[in-house]
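Q: So the protein sequences, as listed, match chains U and P. Going by our numbering, the first sequence opens with residue 423, and the numbers climb by one from there. Going by our numbering, the second sequence opens with residue 35, and the numbers climb by one from there.
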Amino acid sequence: MSVLKPFDKMPVLNMATVLFVGTEESHKEQLAEAMLKESKTFDVKIHLAKSLPLPAENDNLRPRIDLIVFLINLQSQLSYATVISSLSRVDANFFLGKVCFLATGGGQMKHTIVEMSTVKKLADSYLSILLFSELNSERDCCHTAQRLLQMLRICAGHVPGVSALYLGSMMRLTSPTSEAM
Amino acid sequence: MDKQDELLREAEKLAKHMSLYQHDIAPDITPHARCSVDAVEELLDECDKKWKQMEEFQNRLTLLGTETLSESDAQLTLLMMQVKALTAECNQWQKRSPELLPDNQEILLAMGKEELQKVDHELEMMLSCVQSKNRKLKEDLQREQKWLEEQEQLVKALTARQEELRNLVVETSETRIIEELSNRIVKIREYEKELLEALGEFLEEHFPPPEEQRSTNKKKKGLSTEPPAQLITLHEILEILIDKLMSTPHQPYLTIDDSHWPPYIEMLLRYGIALRHPEDPSKIRLEAFHQ
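This is the structure in structure tokens:
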């Protein structure tokens with residue numbers, strides 16, 4: 423299975439699964455820990471991957487992925503390139519609200535290699551939400567985790583009346599990144 | 035119906051509790067006793083139905099082919115898809131009729147209680163939040179009031195100090211001027227005294243009372259005249275002239291009579307110390323040296 427599809431499996435009752443894709447192991451672990459610490463009304467399964475496609479051998483054990491979070495470290499060209507190459511392994515239907523980009527390391531301007539505007543353009547062209555976070559303090563981490571959990575809850579269909587597509591369109595309307603450039 | 039009434043009563047009680055803004059927490063809602071088997075079965079049936087529906091949809095979804103995006107035309111493709119999806123979702127919402135809850139008293143009661151508990155929990159959180167905010171505001175107010183008080187005290191103290199300083203300035207300046215003036219007066223008096231003493235000594239030494247001279251002259255000349263009027267010394271003449279000039283500047287003239295020895299008068303006139311009255315030659319005055 424080389425392409426990740428959003429509706430290839432049946433959902434599991436009261437469970438939501440998030441997939442983190444990125445080269446920065448520490449960031450993924452930090453976020454995963456913070457998300458698990460938060461109190462929530464449903465089970466959260468967190469999968470970490472360096473890049474896509476996911477290995478085919480354990481595919482039957484993997485639950486349905488409700489949200490893909492691409493982590494981009496603005497201080498590393500490799501992380502950006504990995505995300506770009508991974509994007510082609512995602513089914514287009516995922517981009518209807520179930521993908522989110524998370525840019526880190528943008529706080530220190532002098533160390534950034536990947537331009538912030540590049541990431542904005544990327545998120546824009548894939549019609550996906552872009553979050554910025556430093557992940558350097560517990561508070562920041564916790565806050566990001568809370569946001570991701572909220573999104574995950576909607577993407578997994580646990581909020582009656584709100585779909586991922588609806589959320590994505592709304593978030594993008596409130597913060598049109600294209601206008602900012 | 036009595037169960038629904040009970041639920042309503044509880045809701046009312048809770049609302050009153052919260053609206054009164056009491057500091058104690060609303061009473062816990064007793065979780066509903068276990069539902070009867072019938073009700074549970076009804077719900078399970080409902081769930082099974084939904085699950086079957088989902089499986090059906092899932093089967094249809096898997097038939098969909100995969101579609102990946104190339105970076106260049108991703109945005110356009112996605113936008114088209116989004117339009118389609120949003121339209122579909124919109125249609126679904128419009129077609130959708132509200133799902134009714136199973137018409138079972140027990141289930142309705144249980145769900146109502148659950149909903150109430152949720153609301154209760156949220157309201158409690160809000161209450162504590164508002165309370166903490168209130169506390170914080172109170173603290174802020176107290177701090178601000180304290181600060182204001184301090185500032186007012188400061189203003190008071192400063193105003194008092196300013197007043198004090200202002201008085202001090204006025205006092206010092208007045209007293210200083212008076213002191214200075216009196217100092218100068220004392221100094222000038224001293225100087226005057228010195229000068230007068232010096233003048234007196236000088237006159238005593240060089241201009242003795244004219245009586246002796248007169249007697250000597252008389253001896254020399256051998257003339258005997260009427261006993262003259264008591265002659266006064268040059269010192270006394272000068273004193274009189276000075277007094278006249280100083281005390282009555284408009285009338286500084288001294289009328290010459292017998293008590294003034296003519297040579298002294300002549301000398302005073304010759305050296306410009308005294309001046310004659312322009313109309314009356316018998317009157318002289320001191321030259322106005324001070325003007």
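Backbone N, C-alpha and C fix where the C-beta goes; we use that ideal spot for every residue, glycine too.
1. At a CB-CB cut-off below 8 Å, which residues of chain P make contact with M432(U)?
2. Classify T250(P): buried if its beta carbon has 16 or more other beta carbons within 10 angstroms, exposed otherwise.
3. If you measure beta-carbon to beta-carbon, which residues of the stretch 96-115 of chain P are closer than 8 Å to chain U?
4. When DSSP builds the beta bridges, which residues end up paired with H449(U)?
5. Going by DSSP, which residues form a beta bridge with C81(P)?
6. Can a CB atom of chain U be found closer than 8 Å to the CB of L78(P)?
7. Output the residue ranges of the alpha helix (DSSP H) runs that lie fully inside the stretch 257-303 of chain P and measure 4 residues or longer, sorted by chain position.
8. Between A514(U) and chain P, is there a C-beta pair that is closer than 8 Å?
9. Starting from F554(U) and walking both ways along the beta strand (DSSP E), at which residues does that stretch end?
10. Let's see if you can read the secondary structure: which residues bound the alpha helix (DSSP H) around L237(P)?
11. Does the Cβ of Y225(P) have 16 or more other Cβ atoms within 10 Å, making it buried, or fewer, making it exposed?
12. Specify the secondary structure class of F429(U) as computed by DSSP and reduced to three states.
13. Ignore the nearest five residues each way along the sequence and tell me which others in I576(U)'s own chain have a CB closer than 7 Å to its CB.
14. Using a Cβ cut-off of 8 Å (strictly closer), state whether E149(P) contacts chain U.
15. Compute the Euclidean distance between the alpha carbons of D273(P) and I307(P), then round it to the nearest angstrom.
16. In the DSSP assignment, find the unbroken beta strand (DSSP E) run with T534(U) in it and report its ends.
17. Specify the secondary structure class of D36(P) as computed by DSSP and reduced to three states.
18. Listed from N- to C-terminal order along the chain, which residues in the stretch 123-142 of chain P have their beta-carbon within a distance smaller than 8 Å of any beta-carbon of chain U?
19. So, with DSSP's three-state summary, where would you put A438(U)?
20. What's the C-alpha gap between Q530(U) and E556(U)?
21. Residue range of the alpha helix (DSSP H) that N125(P) falls in?
22. Report the CB separation of D488(U) from L574(U) in whole angstroms; it is logged as a contact under 8 Å.
23. So for R94(P), helix, strand or coil by DSSP?
24. Assuming H449(U) contacts T526(U) under a Cβ cut-off of 8 Å, what Cβ separation, rounded to an integer in Å, is found between them?
25. At the level of alpha carbons, what is the spacing between M423(U) and P132(P)?
26. Roughly how many whole angstroms lie between the Cα atoms of R304(P) and S207(P)?
27. Between the beta-carbon of P286(P) and the beta-carbon of R319(P), is there less than 8 Å?
28. Who pairs with F492(U) in a beta bridge, going by DSSP?
29. Quick check on L589(U): does DSSP put it in helix, strand or coil?
30. Is Y588(U) close to chain P? Criterion is C-beta to C-beta, closer than 8 Å.
31. Ends of the alpha helix (DSSP H) at I576(U)?
32. What would DSSP say about K467(U), mapped onto helix, strand or coil?
33. Can you confirm whether the stretch 545-561 of chain U touches the stretch 471-487 of chain U when touching is taken to mean that 3 or more C-beta pairs between the two stretches lie within less than 8 Å?
A: Looking at the coordinates:
1. M88, E89 and Q92
2. Confidence is the limiting factor: at T250(P) the pLDDT is only 49, short of 50, which leaves the residue's position unreliable and the question unanswerable from this model.
3. T96, L98, T100, E101, T102, L103, S104, E105, A108, Q109, T111, L112, L113 and M115
4. Answer by DSSP bridge pairing: none, since H449(U) is not bridged.
5. For C81(P), which the question treats as bridged, DSSP gives no partner whatsoever.
6. no
7. 268-281
8. yes
9. I551 to S555
10. Q139 to H240
11. exposed
12. coil
13. V584, A586 and L589
14. no
15. What sits at residue 273(P) in the sequence shown is Glu, not Asp. Their Cα atoms are separated by approximately 13 Å.
16. Unbroken run through T534(U): none, as it is neither H nor E.
17. helix
18. E123
19. strand
20. 9 Å
21. A108 to K129
22. 6 Å
23. helix
24. 6 Å
25. With a pLDDT of only 48 at M423(U), under the threshold of 50, the placement of this residue in the model should not be trusted; the figure read from the coordinates follows. C-alpha separation (whole angstroms): 39 Å.
26. 50 Å
27. yes
28. V443(U) and F523(U)
29. helix
30. yes
31. E560 to C577
32. strand
33. no
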